[in-house]
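Visitor: Numbering (the numbering used here), first residue to last: 2 to 480. Virtual Cβ for every residue (Gly too), placed ideally from N, Cα, C.
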């Protein structure tokens, strides 16, 4: 997926990242202080309880809610022994090095594994495994053979674990591959040292910050420009490019306009559209997306679409919907069970062709959603790994409340007052907000509120007003 521009907006309390291509939003993520995904983080955990009838353990990793570690995630890779017990591996009070596979959500703790994987741009290093495997998305036999030989040579020479060759590696030269293999190995040695020096529970390794991770994952072949609106973040990204990704040199610039970056680029309007339950298809028809705690339901409607014969109309709408649904799943970060009710078609071969189109569209998603198949009622069942919350949940709090959450409004208000202050730094500013938003500003996002006050010279007056709508705010000049 070629991306023309990556736009990174940093403000007190959050970083927002938009990927834009041909005037369309291809990706959008929000990263808030204290609420980032922990997938990929490595912890030294302490076993709180071993539950025999679940064949699992609950592990304290220092994040509040106990995390879940199943016996299958304790077994060495390649070992399918179903006779072993969780008690063969762990006892209450033990320390265990684990990595987060799935974030905690609601009353479910994070899901853990002991099969550590260190992610790089071209490789994943598996220190506790053996051998080399190559991404199935690398199709050319010559590329697969070259990459496997290069990495296997490094493994044999250094006698170190195993590696997975990622899709991005097909664009890399042999020297870059070997360099990353060595860097990931060194990182693992550093993790082992920190493990020995730590007492459980403790965080041993965190991921790259989001603005750097997205550059690592996209790579130079997919990027046209990188624009950032914060000077400190600009310098951090520039240092990362110079040290780790010199092929991105020349793509980075800082936004200096009086309008905010996202307003200038039209991103705010694009994000508002993403939050709509209804998405119109280009040639007629639409899809409706409804999130619930148990699953996400997507309904496809023909609307005014007319391709002549009914069966053809149904197929053409479904084909367009399949591609749009795959895009929306990734853009909205929908996860778990996703049920799609396509327009009914009489012919079985049409459903089979639709399944192939849908699978192909889903394959572009880095999280690799799986189309399980169609039920007897014709409903498509899709599953997608959870990494962080959906965009709707982050911005609105709950899917059934299609307005901004108090936290989203609070952070937007802080951005708003900073934008207004750019034209009059000597003024004393105030914010008039709904009581729920005011409470959020002095509690949940207090650090962001205090940071904004500092940027304004130490003064920012806050007024709680029940007459203000919960998803609105007013910036006022006090004097």
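(1) Kindly indicate which residue of 54, 30 and 94 has the alpha-carbon position closest to the one of residue 60.
(2) Pick out whichever of 109, 115 and 101 has its Cα sitting closest to the Cα of residue 90.
(3) Mark residue 427 as exposed unless 16 or more other C-beta atoms lie within 10 angstroms of its C-beta, in which case mark it buried.
(4) Just confirm the distance between the C-beta atoms of residue 315 and residue 303, as a whole number of angstroms; I'd bet it's less than 8 Å.
(5) If you count every other CB in all the chains shown that lies within 10 Å of the CB of residue 370, and 16 or more means buried, which is it?
(6) In angstroms with no decimal places, state the Cα-to-Cα distance between residue 149 and residue 139.
(7) I need the boundaries of the beta strand (DSSP E) containing residue 27, first residue and last residue.
(8) What's the gap between the Cα of residue 238 and the Cα of residue 212?
(9) Taking all protein chains shown into account, decide if residue 407 is buried (16 or more other Cβ within 10 angstroms of its Cβ) or exposed.
(10) Go ahead and pull the three-state DSSP assignment for residue 233.
(11) Here's the rule I'm using: 16 or more other beta-carbon atoms within 10 Å means buried, otherwise exposed. How should residue 39 be labelled?
(12) Assuming residue 358 contacts residue 299 (C-beta within less than 8 Å), just tell me the rounded distance between them.
(13) Indicate the three-state DSSP secondary structure (helix, strand or coil) for residue 123 in the structure shown.
(14) Looking at the unbroken beta strand (DSSP E) that takes in residue 340, where does it start and where does it end?
(15) In the DSSP assignment, find the unbroken alpha helix (DSSP H) run with residue 143 in it and report its ends.
(16) For the alpha helix (DSSP H) that residue 312 lies in, which residues bound it at each end?
(17) Just how far apart, CA to CA, sit residue 414 and residue 454?
(18) Going straight from the alpha carbon of residue 335 to that of residue 225, what length do you get?
(19) Buried or exposed for residue 251, going by 16 or more other Cβ atoms inside 10 Å?
(20) Near residue 389, which residues of its chain fall below 7 Å by C-beta distance, leaving aside the five closest residues on each side in sequence?
(21) Contact check, residue 321 vs residue 363 under 8 Å by CB: the rounded distance?
(22) At a cut of 8 Å, does the stretch 117-129 reach the stretch 187-195 through at least three beta carbon pairs?
(23) With 16 as the cutoff for other CB atoms within 10 Å, does residue 197 come out buried or exposed?
(24) Measure how close the beta-carbons of residue 152 and residue 166 come, nearest whole angstrom, since I'm counting them as under 8 Å.
(25) Across which residues does DSSP place residue 302 in a beta bridge pair?
(26) Tell me which residues share the same chain as residue 51 and place their Cβ nearer than 7 Å to its Cβ, disregarding the 5 neighbours each side in the sequence.
(27) To the nearest angstrom, how far is the alpha carbon of residue 422 from that of residue 8?
(28) Taking only three categories from DSSP, how would you classify residue 246?
(29) Express the C-alpha separation of residue 373 and residue 385 in angstroms, rounding to a whole number.
(30) Between residue 124 and residue 176, is the Cβ-Cβ spacing less than 7 Å?
(31) Would you mind sorting residue 261 into buried or exposed? The rule is 16 or more other CB atoms within 10 Å of its CB.
(32) What ranges does the beta strand (DSSP E) occupy inside the stretch 187-229, keeping only unbroken runs of at least 3 residues that lie completely in it?
(33) Checking the sheet assignment: what are the DSSP bridge partners for residue 61?
(34) Following the continuous alpha helix (DSSP H) through residue 394, name the residue where it begins and the one where it ends.
(35) Let's test the definition: count the other Cβ atoms within 10 Å of the Cβ of residue 77 and tell me whether it reaches 16, buried, or not, exposed.
(36) So residue 341 and residue 383 are supposed to be a Cβ contact under 8 Å. How far apart are they, rounded?
Guide: Quick answer:
(1) The residue given as residue 60 occupies position 59 in the chain shown. It is 94.
(2) Position 89 of the chain shown, counted from the first residue, corresponds to residue 90. Considering only alpha carbons, the answer is 115.
(3) The residue labelled residue 427 in the question sits at position 426 within the chain shown. Residue 427 comes out exposed.
(4) If you number the chain shown from 1, residue 315 lands on position 314. If you number the chain shown from 1, residue 303 lands on position 302. With a Cβ gap of about 7 Å, residue 315 and residue 303 count as contacting.
(5) Residue 370 sits at position 369 when you count from the first residue of the chain shown. With 16 or more Cβ atoms within 10 Å of its Cβ, residue 370 is classed as buried.
(6) Here residue 149 refers to the residue found at position 148 when the chain shown is read from its first residue. Here residue 139 refers to the residue found at position 138 when the chain shown is read from its first residue. Approximately 11 Å between the Cα atoms of the pair.
(7) For the purposes of this step, residue 27 is taken as residue 26 along the chain shown, with counting starting at 1. Start and end: 25-33.
(8) Start at 1 with the first residue of the chain shown, and residue 238 comes out as number 237. Start at 1 with the first residue of the chain shown, and residue 212 comes out as number 211. Between residue 238 and residue 212, the C-alpha separation is close to 7 Å.
(9) Locating residue 407 in the chain shown gives position 406, where the first residue counts as 1. The residue in question, residue 407, is buried, as its Cβ has 16 or more Cβ neighbours within 10 Å.
(10) In the chain shown, residue 233 corresponds to position 232, counting from 1. In this structure, residue 233 counts as helix in the three-state DSSP scheme.
(11) Here residue 39 refers to the residue found at position 38 when the chain shown is read from its first residue. Buried.
(12) To locate residue 358, count along the chain shown from 1; it is residue 357. To locate residue 299, count along the chain shown from 1; it is residue 298. Contact doesn't hold; Cβ gap of about 15 Å is too wide.
(13) For the purposes of this step, residue 123 is taken as the residue at position 122 of the chain shown. Here residue 123 sits in coil by DSSP.
(14) Counted from its first residue, the chain shown places residue 340 at position 339. 337-342 is the span of the beta strand (DSSP E), which, as asked, contains residue 340.
(15) The residue you call residue 143 lines up with position 142 of the chain shown. It spans 142-159 - the alpha helix (DSSP H) in which residue 143 sits, taken as one unbroken run.
(16) Your numbering for residue 312 matches position 311 in the chain shown. That run of the alpha helix (DSSP H) goes 311-333.
(17) Taking the first residue of the chain shown as 1, we reach residue 414 at position 413. Taking the first residue of the chain shown as 1, we reach residue 454 at position 453. Residue 414 and residue 454: Cα-Cα distance of roughly 12 Å.
(18) Along the chain shown, one-based indexing puts residue 335 at 334. Along the chain shown, one-based indexing puts residue 225 at 224. Roughly 27 Å between the two C-alpha positions.
(19) Here residue 251 is taken as the residue at index 250 of the chain shown, counted from 1. Per the 10 Å Cβ criterion, exposed.
(20) Position 388 of the chain shown, counted from the start, is the residue given in the question as residue 389. Closer than 7 Å at Cβ, skipping near neighbours: 38, 104 and 334.
(21) Residue 321 sits at position 320 when you count from the first residue of the chain shown. Residue 363 sits at position 362 when you count from the first residue of the chain shown. At roughly 15 Å, the Cβ-Cβ gap does not stay under 8 Å, so residue 321 and residue 363 are not in contact.
(22) yes
(23) In the chain shown, residue 197 corresponds to position 196, counting from 1. Label assigned to residue 197: exposed.
(24) As a first step, residue 152 is located in the chain shown; it is residue number 151 there, counting from the start. As a first step, residue 166 is located in the chain shown; it is residue number 165 there, counting from the start. About 6 Å; that satisfies the 8 Å criterion.
(25) On the chain shown, residue 302 is found 301 positions in, with the first residue counted as 1. For residue 302, which the question treats as bridged, DSSP gives the partners 287.
(26) By one-based count along the chain shown, residue 51 stands at place 50. Closer than 7 Å at the Cβ level, and outside the excluded window around residue 51, lie 58, 87, 88, 91, 92 and 93.
(27) For the purposes of this step, residue 422 is identified with residue 421 of the chain shown, where counting begins at 1. For the purposes of this step, residue 8 is identified with residue 7 of the chain shown, where counting begins at 1. Approximately 22 Å between the Cα atoms of the pair.
(28) Numbered from its first residue, the chain shown carries residue 246 at position 245. Reduced to three states, the DSSP call for residue 246 is coil.
(29) Translated into the one-based positions of the chain shown, residue 385 becomes position 384. Translated into the one-based positions of the chain shown, residue 373 becomes position 372. Their backbone Cα atoms lie some 11 Å apart in a straight line.
(30) Sequence index remark: in the chain shown, residue 124 carries index 123 (1-based). Sequence index remark: in the chain shown, residue 176 carries index 175 (1-based). Taking 7 Å as the Cβ cut-off, residue 124 and residue 176 do not qualify as a contacting pair.
(31) For the purposes of this step, residue 261 is identified with residue 260 of the chain shown, where counting begins at 1. By the 10 Å Cβ count, residue 261 comes out buried.
(32) 203-206 and 224-229
(33) Position 60 of the chain shown holds residue 61. Bridge partners of residue 61: 47.
(34) Translated into positions along the chain shown, residue 394 becomes position 393. Where residue 394 is concerned, the enclosing alpha helix (DSSP H) stretches over 392-397.
(35) On the chain shown, position 76 is the one that residue 77 refers to. Exposed: under 16 other Cβ atoms inside 10 Å.
(36) Residue mapping note: residue 341 aligns to position 340 of the chain shown, counting from 1. Residue mapping note: residue 383 aligns to position 382 of the chain shown, counting from 1. With a Cβ gap of about 7 Å, residue 341 and residue 383 count as contacting.
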